[in-house]
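S.K.:
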Amino acid sequence: MGGGFGGKETQGNAPAAFVALAAWHTGRSVRWMLDRDVDMAVTGKRHPFHAAYEVGFDDQGRLLALRVQLVSNGGWSLDLSESILDRALFHLDNAYYVPALAYSGQVAKTHLVSNTAFRGFGGPQGMLVTEEVLARVARAVGLPADEVRERNLYRGTGETNTTHYGQELEDERILRVWEELKKSSEFERRQRDVAAFNAQSPFIKRGLAITPMKFGISFTATFLNQAGALVHVYRDGSVMVSHGGTEMGQGLHTKVLGVVMRELGVTADAVRMAKTATDKVPNTSATAASSGSDLNGAAMRVACVTLRERLAPVAMRLLSDRHGRSVTPDALLFSDGKVGLRGEPELSLPFADVVEAAYLSRVSLSSTGYYQTPGIGYDKAKGRGRPFLYFAYGAAVCEVEVDGHTGVKRVLRVDLLEDVGDSLNPAVDRGQIEGGFVQGLGWLTGEELRWDANGRLLTHSASTYAVPAFSDAPIDFRVRLLERAHQHNTIHGSKAVGEPPDAGHVRARGPA
């Protein structure tokens, strides 16, 4: 389907209705292809937000109280605007503890196109409010912004590590990420270097900033946090798998493939990924909220574990007969296309031989898997609960340069440290982090939508809407995944990576 980023979640409904109507009238098949200008003019965008706030703080820059009112521009219809507003309100705190946080929000109906989901789903807009508040607090008390941010980070246990909606963070990982990145990026030395450069350069100035990120992972609509999977094992040892997620370039199939390989011990060339279809896995949830791998990978694991448990007695019998000794289930190892004994690689059988024996013994070689995210729920009336299974964390250090005469900007260096748990696929995760950062860079520094008084989009082409070019990417781009970061309640200890890089590093991009 190509890239998704949210725009294909609901916005295909209207074109589908148009072509269905045309097909009904003409009695013929109808296909409508939108050129780029029409596509940009008629489809929804990321929601613009207006924020009004009052803040109380002490002379050290610590937040004491914050009141925020958000208004989002929903356009002419509601679409997903309520859920997007919810996530913006959930992420008002970003990674900071606010002792007293009052918040409200509403969706404004306007004469623009119906705005819709976009990567981050309101989270970046909510985070940006508090980052701007802290930047202004730092100026008011005359302290460096990084010091003010660090003093306000979640920490400890209990109240100082609990969000404004009552969910405890359960760890101090954001402090660890912050401290590791400050050290690895040589932040303090580079601060001095930037100050020295600016002192001798009257027109070209540099800026350096560090920001944290905390992003909640789960659908805030609790019922969507479920997924299914289907696995068939054939007599030759090959495997066909189906799940309910959509591959849109984010590497979902690659990660699910890795789950199958790990759980059944088969090689990649033995696994075939079927196209996502509701005749295989029905009642699918949207592939969104950065939860595609969490949900579908977990469902796939359930199906694979069921099959492995069915195959285990067969493998134990074959190994016992061959080697003349009893074999316990704990001693079995499914790995690299073989089934053998742990610590004794020479005592193994081809996976295909075990499967064939299971078939001859009338053991079912197909299994479904189902997963529902445990322990989550949110009472919207009370504004309290646990809407997220866990939080993804990260931090960014950005160094930029701006020419005071021309306004030309350069992103000199970016250091990113992302908590992705035990990564299911480090190459995929790094790609998502790099792409998400550059996408957010465009949102905050170059891309601008302009409308006329009648609500018609004026910036509807590549010549009027400036997406990032290769030259806009950081000259020195350093991405690291947090090590020793196992997440106890997720698929293979991993964490989501789709939206957090776009959501979290908002303020670090424009300090100059």
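With the working numbering, you'll find the sequence shown wraps up at 510, consecutive numbering, no jumps. Even for Gly, the Cβ is constructed at its ideal location relative to N, Cα and C. Everything numeric in this text was worked out from a predicted model, so none of it was measured.
I'd like the span of the beta strand (DSSP E) that includes Asn71, first residue to last.
M.R.: For the purposes of this step, residue 71 is identified with residue 73 of the sequence shown, where counting begins at 1. Note, Asn71: beta strand (DSSP E), 61 to 73.
S.K.: Alpha helix (DSSP H) containing Glu177: first to last residue?
M.R.: By one-based count along the sequence shown, residue 177 stands at place 179. 171 to 182 is the extent of the alpha helix (DSSP H) around Glu177.
S.K.: Where does His230 fall in DSSP's three states?
M.R.: Residue 230 sits at position 232 when you count from the first residue of the sequence shown. Strand at His230.
S.K.: Express the C-alpha separation of Gly121 and Ile82 in angstroms, rounding to a whole number.
M.R.: As a working mapping, residue 82 is identified with position 84 in the sequence shown. As a working mapping, residue 121 is identified with position 123 in the sequence shown. Looking at the two C-alpha atoms, the distance is approximately 8 Å.
S.K.: Under 8 Å by Cβ, that's how I've got Gly438 and Asp500 pegged, so tell me the actual separation to the nearest angstrom.
M.R.: Position 440 of the sequence shown holds residue 438. Position 502 of the sequence shown holds residue 500. Between Asp500 and Gly438 the Cβ distance is about 5 Å, and since that is below 8 Å, they are a contact.
S.K.: CB Leu358 to CB Asp417, shorter than 7 Å?
M.R.: To locate residue 358, count along the sequence shown from 1; it is residue 360. To locate residue 417, count along the sequence shown from 1; it is residue 419. Cβ atoms of Leu358 and Asp417: not closer than 7 Å.
S.K.: In the DSSP assignment, find the beta strand (DSSP E) that holds Met271 and state where it starts and stops.
M.R.: Here residue 271 refers to the residue found at position 273 of the sequence shown. Note, Met271: beta strand (DSSP E), 269 to 271.
S.K.: Does DSSP put Asp191 in a helix, in a strand, or in coil?
M.R.: For this step, residue 191 is matched to residue 193 along the sequence shown. Three-state result, Asp191: helix.
S.K.: For Val53, tell me which candidate among Pro97, Met38, Leu19, Phe47 has the shortest Cα-Cα distance.
M.R.: Counted from its first residue, the sequence shown places residue 53 at position 55. Nearest option by C-alpha distance: Pro97.
S.K.: Distance cutoff 7 Å, beta carbons only. Does Gly373 sit that close to anything in chain E?
M.R.: In the structure shown, chain E does not exist; there is a single protein chain.
S.K.: Pop quiz: Asp77 and Gly124 are said to be a contact at Cβ under 8 Å. What is the actual Cβ separation, rounded to whole angstroms?
M.R.: The count along the sequence shown starts at 1 and reaches residue 77 at position 79. The count along the sequence shown starts at 1 and reaches residue 124 at position 126. Contact flag wrong, Cβ pair sits at about 18 Å.
S.K.: What's the C-alpha gap between Asp351 and Val312?
M.R.: In the sequence shown, residue 351 corresponds to position 353, counting from 1. In the sequence shown, residue 312 corresponds to position 314, counting from 1. Approximately 10 Å, taken between the alpha carbons.
S.K.: Is the distance from the Cβ of Leu387 to the Cβ of Ile374 below 7 Å?
M.R.: Taking the sequence shown and counting its residues from 1, the one referred to as residue 387 is at position 389. Taking the sequence shown and counting its residues from 1, the one referred to as residue 374 is at position 376. Yes, these two residues count as a Cβ contact at 7 Å.
S.K.: Tell me which residue opens and which closes the beta strand (DSSP E) that Met238 is part of.
M.R.: For the purposes of this step, residue 238 is taken as the residue at position 240 of the sequence shown. 237 to 241 is the span of the beta strand (DSSP E), which, as asked, contains Met238.
S.K.: According to DSSP, which residues form a beta bridge with Ala207?
M.R.: Here residue 207 refers to the residue found at position 209 of the sequence shown. Cys396, per the DSSP bridge assignment.
S.K.: Counting only runs of 4+ residues fully inside the region 78 to 144, write out the alpha helix (DSSP H) ranges in chain order.
M.R.: Entirely contained in the region 78 to 144, the alpha helix (DSSP H) runs reaching 4 residues are, in chain order, 79 to 88, 121 to 139.
S.K.: Between the region 388 to 408 and the region 172 to 185, do three or more beta carbon pairs fall short of 8 Å?
M.R.: A contact exists between the region 388 to 408 and the region 172 to 185.
S.K.: Measure the Cβ-Cβ separation of Asp91 and His162 and say whether it is below 7 Å.
M.R.: Numbered from its first residue, the sequence shown carries residue 91 at position 93. Numbered from its first residue, the sequence shown carries residue 162 at position 164. Yes; because the gap between Cβ atoms is below 7 Å, this pair is in contact.
S.K.: Anyone know if the C-beta pair for Lys181 and Ala93 falls short of 7 Å?
M.R.: For the purposes of this step, residue 181 is taken as residue 183 along the sequence shown, with counting starting at 1. For the purposes of this step, residue 93 is taken as residue 95 along the sequence shown, with counting starting at 1. Result no, Cβ atoms of Lys181 and Ala93 do not sit closer than 7 Å.
S.K.: Assess, as a yes-or-no matter, whether the region 128 to 135 is touched by the region 11 to 22 under the definition of 3 or more beta carbon pairs within less than 8 Å.
M.R.: No, the region 11 to 22 does not touch the region 128 to 135.
S.K.: According to DSSP, simplified to helix, strand and coil, what is Ala219?
M.R.: One-based indexing of the sequence shown puts residue 219 at position 221. The answer is coil: DSSP assigns Ala219 none of H, G, I, E or B.
S.K.: What separation, rounded to the nearest whole angstrom, lies between the Cα atoms of Gly508 and Ser283?
M.R.: Mapped onto the sequence shown, residue 508 falls at position 510. Mapped onto the sequence shown, residue 283 falls at position 285. Residue placement at Gly508 cannot be trusted, given a pLDDT of 48 that sits under 50; what the coordinates show is reported in the next sentence. Rounded to the nearest angstrom, the two C-alpha atoms are 36 Å apart.
S.K.: Since Asp417 is in the alpha helix (DSSP H), which residue starts that stretch and which ends it?
M.R.: Residue 417 sits at position 419 when you count from the first residue of the sequence shown. Unbroken run through Asp417: none, as it is neither H nor E.
S.K.: Quick one: what's Arg476 bridged to in DSSP?
M.R.: One-based indexing of the sequence shown puts residue 476 at position 478. In DSSP, Arg476 forms a bridge with Asp413.
S.K.: Return helix, strand or coil for Ile202, following the three-state DSSP convention.
M.R.: By 1-based counting over the sequence shown, the position of residue 202 is 204. In the structure shown, Ile202 sits in a strand (DSSP, three-state: E or B).
S.K.: Please go through the region 451 to 497 and give each complete beta strand (DSSP E) segment of 3 or more residues, from N-terminal end onward.
M.R.: DSSP runs (the beta strand (DSSP E)) wholly in the region 451 to 497: 474 to 479.
S.K.: Over what stretch of residues does the beta strand (DSSP E) that includes Thr366 continue unbroken?
M.R.: By one-based count along the sequence shown, residue 366 stands at place 368. Taken as a continuous stretch (DSSP letters only), the beta strand (DSSP E) holding Thr366 covers 364 to 370.
S.K.: Please report the straight-line C-alpha distance between Asn71 and Gly263, rounded to a whole angstrom.
M.R.: In the sequence shown, counting from the first residue as 1, residue 71 sits at position 73. In the sequence shown, counting from the first residue as 1, residue 263 sits at position 265. The straight-line gap from Cα to Cα measures roughly 50 Å.
S.K.: Quick check: the region 229 to 247 against the region 196 to 206, are there 3 or more CB pairs under 8 Å?
M.R.: No: the two stretches stay apart, fewer than three of their Cβ pairs being nearer than 8 Å.
S.K.: In this structure, how does DSSP classify Leu439 when only helix, strand and coil are distinguished?
M.R.: What you label residue 439 is simply residue 441 of the sequence shown in a count that begins at 1. Three-state DSSP puts Leu439 in a helix.
S.K.: Could you check what DSSP says for Gly429 in three-state terms: helix, strand or coil?
M.R.: The sequence position of residue 429 within the sequence shown is 431, counting from 1. If DSSP states are grouped into helix, strand and coil, Gly429 belongs with the helices.
S.K.: For Glu245, which residues does DSSP report across the bridge?
M.R.: By one-based count along the sequence shown, residue 245 stands at place 247. Bridge partners of Glu245: none, in fact.
S.K.: I need the DSSP call for Leu330, collapsed to helix, strand or coil.
M.R.: For the purposes of this step, residue 330 is taken as the residue at position 332 of the sequence shown. Strand, per DSSP.
S.K.: Excluding sequence positions up to five away, which residues of its chain have a Cβ less than 7 Å from the Cβ of Gly1?
M.R.: Taking the first residue of the sequence shown as 1, we reach residue 1 at position 3. Excluding residues within five positions, the ones whose Cβ falls inside 7 Å are Met246, Gly247.
S.K.: Express the C-alpha separation of Leu206 and Arg188 in angstroms, rounding to a whole number.
M.R.: Counting from one through the sequence shown, the residue named residue 188 turns up at place 190. Counting from one through the sequence shown, the residue named residue 206 turns up at place 208. If you take the alpha carbons of Arg188 and Leu206, they lie about 8 Å apart.
S.K.: In this structure, how does DSSP classify Leu358 when only helix, strand and coil are distinguished?
M.R.: Residue numbering aside, residue 358 sits at position 360 when the sequence shown is read from its first letter. The answer is helix: DSSP assigns Leu358 an H, G or I state.
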